[in-house]
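There are 2 protein chains.
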Amino acid sequence: MAGRIANEKFLTKVTDIETIVKMVKDGDKIGVSGFTGAGYPKAFPVALAAQIKAAHERGEQFMVSLFTGASTAPELDGELAGVDGLKFRTPYQGDPVLRGKINDGTTYYSDIHLSHLHNQIAYGFFGKLDWAVIEVAGITAEGELIPSSSVGLNRTYLERADKIVLEVNQWQTEDLFGLHDVYYGTEAMPPNRQPIPITAAGDLIGQKTLKVDFDKIVGIVMTDAADRNSPFKPLDDDSRAIAGHLIDFFTTEIKAGRLPKNLFPLQSGVGNIANAVLEGLLESDFEHMTSYTEVIQDGMISLIDAGKVDVASATSFSLSPDAAEHINNNAAKYRGKMVLRPQDISNNPEVIRRLGVISCNGMIEADIYGNVNSTHICGTRMMNGIGGSGDFTRNASISCFVSPSIAKNGDISAIVPMVSHHDHTEHDVSVIITEQGLADLRGLAPRQRSRVIIEKCAHPDYKDILLDYVAQAERVSKAMQTPHDLTQCLSFHQRFNETGSMKIK
Amino acid sequence: MAGRIANEKFLTKVTDIETIVKMVKDGDKIGVSGFTGAGYPKAFPVALAAQIKAAHERGEQFMVSLFTGASTAPELDGELAGVDGLKFRTPYQGDPVLRGKINDGTTYYSDIHLSHLHNQIAYGFFGKLDWAVIEVAGITAEGELIPSSSVGLNRTYLERADKIVLEVNQWQTEDLFGLHDVYYGTEAMPPNRQPIPITAAGDLIGQKTLKVDFDKIVGIVMTDAADRNSPFKPLDDDSRAIAGHLIDFFTTEIKAGRLPKNLFPLQSGVGNIANAVLEGLLESDFEHMTSYTEVIQDGMISLIDAGKVDVASATSFSLSPDAAEHINNNAAKYRGKMVLRPQDISNNPEVIRRLGVISCNGMIEADIYGNVNSTHICGTRMMNGIGGSGDFTRNASISCFVSPSIAKNGDISAIVPMVSHHDHTEHDVSVIITEQGLADLRGLAPRQRSRVIIEKCAHPDYKDILLDYVAQAERVSKAMQTPHDLTQCLSFHQRFNETGSMKIK
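Residue numbers (the working numbering), protein chains in the order written: chain A, 1 to 505; chain B, 1001 to 1505.
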């Protein structure tokens, strides 16, 4: 314990989690660490869930509002949702139990851009935060905090919550020290804000540790528990094809003089497909690449290890168990090659636009005019959330969306007449890629886009009914800028709801 | 002439417009000055339209691609569209003739964020530009250009086009010199871009003039013609009510400590309602306000003259004839109180977010979950375009949309179950205001938003059918995050298409 808490004063705050959670009340607003299953508190949520369950069994009302970096883990979102303990949740989630509670109406979910939540809290959109519950890898002799495997909104919550709980997780290696860059400039409010001085992906502009107001610390608990690290699916044919189309596109752009040989910094969304695209880049000829992205996944570590990527900036790890063990044993050797920042910096429009980041994110569906749905199945059912995809897409030099062209054995087409929920509009999407091909939408008007998207990206099983829709829409539409038949534009989704397939039987 | 062209070398380039337009060819890509009817070339488009018309009469193909700052005027967009001369148009328009050609399919129109076009051209999305045709107020002894009443994308076009045409318009006052701030930093491409060093609305970071490569100048023509300046509608009851709701909201926010007494810098969209809101602020108690916006309209000049606004930053004027005459006679006295910048700076996400700009834009319709349609009537017919509304909305501290709650004598409701076209998503909209009231959506999940929007903003004639839709959607929806009945969500628009009214007869 003393090894992880190098400041004696802080040792006096060490206590047990039950003592702490007894102070949590119905309606409290709790900001916790955690981003894509990395660096979330391991003890507090489970203890709080038990207390909420007991309260409910006594017939008492007890629900809290939960703020995180992004998604967390079964022992956080899952536990609290499982006891109907979450009244409100923001900004992102990916837990099956919580997803159920959101979609059955138990939990109000505000799905917002990950770079925006810092400002929205700072500007007072959510009122005062009661708690900050933050996992750290250690406490320095100077009384500052060594972040663990994610930074997320830890700075924001520590600066603003009334009460602070620290979980010192001994599973996290102390060698993470030096991989973080905590910038405090965005804590200033207008008119006192200055430019964020990042001009290259690896620039260090902050400090290695998080500050903490000792007097606000309610308790410190020791934990020793692994992050929720899930294995990635192996590279399949679809992912390999998508990565191939992207590499071909980059190669063409370099030849045309529109991209430098080492590309612009890459952003890659969270999940299997995005990771597979990174794995695919291992087989490319590009060298000295950099990454300005949200999470460091297995594929990025492979690219760094292979010497293809010089430096990667993110806010969190998102690793398989094997890769997590590798990082835990080798963190020190990645100093200078990786940097974890607060998420309002990792995802900041200012920096993304300045660096010319190329974004690449997964999607649920795209429509024939290039609008993208990242969040809702058939317009109503929340899957995960928009996450950082909007932060990057809107500000990227080239914004790509990737998906296999079909899902559910072909009953769902990723290309539809009109998306059933709009997260990214026609104004923001440059490139759409499926295993079928790549649609380059740059500089095209809507009616030009519809031809290219269907030709290049739609699955053969859906090409004809999509072209039929285009013909029908252009026949009945009152105008030709964005032709639609309003009685048929959502017919793919209506058919799926009614028959279980978007295909016409 | 010599007075306006202070460099003798440039005098040798003066010629007549017919000589110049003879060099334009079918398929040429032409970047012209002009933003909301200010500072567009007056001679070139009319002469080009005549030449295109003559070519068509000879049975020859002749269409061009036209790039501007934003909307222009009848003698530019109207003339060229009127002779079927526009194959492609970007990034914004507001001309009735061109609107017709876009909606009948003659002209391909790429409707994009105004801050994005500089980068999209610089990154090569549209290929090489053939022409830059730029109106200026004069040419300095040093051979640089004094911009006229807008800056727009003049720097971008001058830097990149093969051939340059200058129109020296003697109607524009030379006293505009000193009101412009032309920043060249965003001409650098990644990885060589630096932070944009604006930390307050009035900061001057560039130069007063535009650079020009003398050798690329094909010709200089002298003109003497007024901008297309249209009178604003007088303040009506709806606009006064909307302005009142906004002032009440600001007052509450200041009392709650969420806004400083002089607010954050204001952005105000283009047009009558936005101008009316500014006029409304004349009657507020706020002082020492600033503005970081896109255009300076009459209302902003009134606020500056009244000493309520200290400084306004924009890319263009957009004035009534009376206000234009006032500026032409008094431009010098506004130095230090107004600054016109390139539109990739006036609308830049980096600066908007840093300054905490409060955005306020008009809309066609909003839906019950806070999505906004700024562009398409009934999902298909282009009205004008997204303009800068996305640049500001996505990055503002508080993003407001305003509209009267009904249009066309009540046959159209501005609040609908699902917008028929999505330009701003639920993730981006903080506040919706109609004459009925103000819906504060900050921190709310979709089902919370639907109640507030209908209660505060919908017209009484539509409240019941909107609430009926909510009940129906929540009954049939497969999930409760964003309940929708996909067979009914566009029923308001379908009914309007069929019966001429969104009301149920």
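No residue lacks a Cβ here, since even glycine has one placed at the ideal position from N, Cα and C. Model, not experiment: these values are computed from the prediction.
Against chain A, the beta carbon of residue 1119(B) has neighbours under 9 Å at 353, 356 and 397, listed in chain order.
Fully enclosed alpha helix (DSSP H) runs of no fewer than 4 residues occupy 8-11 and 17-21 of the stretch 5-52 of chain A, in order along the chain. At least one C-beta of chain B is nearer than 8 Å to the C-beta of residue 110(A).
The bridge partners DSSP lists for residue 1376(B) are 1382(B). Comparing alpha-carbon positions, the option among 1145(B), 1194(B), 1148(B) and 1413(B) lying closest to residue 1368(B) turns out to be 1413(B). Counted as a single uninterrupted DSSP element, the beta strand (DSSP E) harbouring residue 291(A) occupies residues 289-292. Beta-bridge partners of residue 1362(B) (DSSP): 1402(B). In the three-state scheme derived from DSSP, where H, G and I count as helix and E and B as strand, residue 446(A) is classed as helix.
Where residue 1067(B) is concerned, the enclosing beta strand (DSSP E) starts and stops at 1064-1067.
Comparing alpha carbon positions, the residue from 399(A), 58(A), 94(A) and 66(A) closest to residue 36(A) is 94(A). Non-local C-beta neighbours of residue 44(A) in its own chain, meaning closer than 8 Å and more than five positions away in sequence, comprise 17, 20, 21, 32, 133, 165, 167 and 221, ordered along the chain. In terms of Cβ geometry, residue 1372(B) and residue 1277(B) do not form a close pair [threshold 8 Å]. Contact between the stretch 1414-1422 of chain B and the stretch 1471-1490 of chain B is established, with three or more Cβ pairs separated by less than 8 Å. Exclusion of the five residues before and after residue 1081(B) leaves 1097, 1098 and 1101 as the residues of its chain whose Cβ lies within less than 6 Å of its Cβ.
Rounded to whole angstroms, the Cβ separation of residue 484(A) and residue 473(A) is 5 Å, and the two are in contact under 8 Å. Listed in chain order, the alpha helix (DSSP H) runs fully inside the stretch 434-493 of chain A are 446-457 and 460-476, counting runs of at least 4 residues. The beta carbon of residue 1217(B) sits closer than 7 Å to those of 1013, 1164 and 1166, all from its chain and outside the five residues before and after it, given in chain order. In this structure, DSSP gives residue 108(A) an extended state, which the three-state scheme calls strand. In the displayed model, residue 129(A) falls within coil according to three-state DSSP, outside both helix and strand. Judged by DSSP secondary structure, residue 1346(B) falls within the alpha helix (DSSP H) whose first and last residues are 1343-1346. Counting only the Cα atoms, residue 397(A) lies some 11 Å from residue 442(A).
Any Cβ of chain A closer than 8 Å to the Cβ of residue 1350(B) would place that residue at the interface, and such an atom is present. DSSP places residue 163(A) within a strand segment (E or B) once states are collapsed to three. DSSP places residue 340(A) in the strand class (E or B) of the three-state scheme.
Residue range 1117-1122 is occupied by the alpha helix (DSSP H) that includes residue 1120(B).
DSSP, reduced to helix, strand and coil, places residue 140(A) outside both helices and strands of the structure shown, so it counts as coil. Listed as beta-bridge partners of residue 150(A) by DSSP are 316(A). In the structure shown, residue 247(A) adopts helical secondary structure according to DSSP, grouped into three states. Membership of residue 101(A) in the alpha helix (DSSP H) is indicated by the continuous run 96-103.
Here residue 240(A) carries a helix assignment [DSSP, helix/strand/coil]. Residue 1011(B) counts as exposed, since fewer than 16 other beta carbons sit within 10 angstroms of its beta carbon.
Collapsing the DSSP output to three states places residue 1169(B) in a strand. Taking 9 Å as the cut-off between beta carbons, the residues of the stretch 74-96 of chain A near chain B are 88, 89 and 90, in sequence order. If you compare the alpha carbons of 261(A), 152(A) and 422(A) with that of residue 41(A), the shortest gap goes to 152(A).
With a threshold of 8 Å between beta carbons, residue 1387(B) makes no contact with chain A. No Cβ of chain A is located within less than 8 Å of the beta carbon of residue 1041(B).
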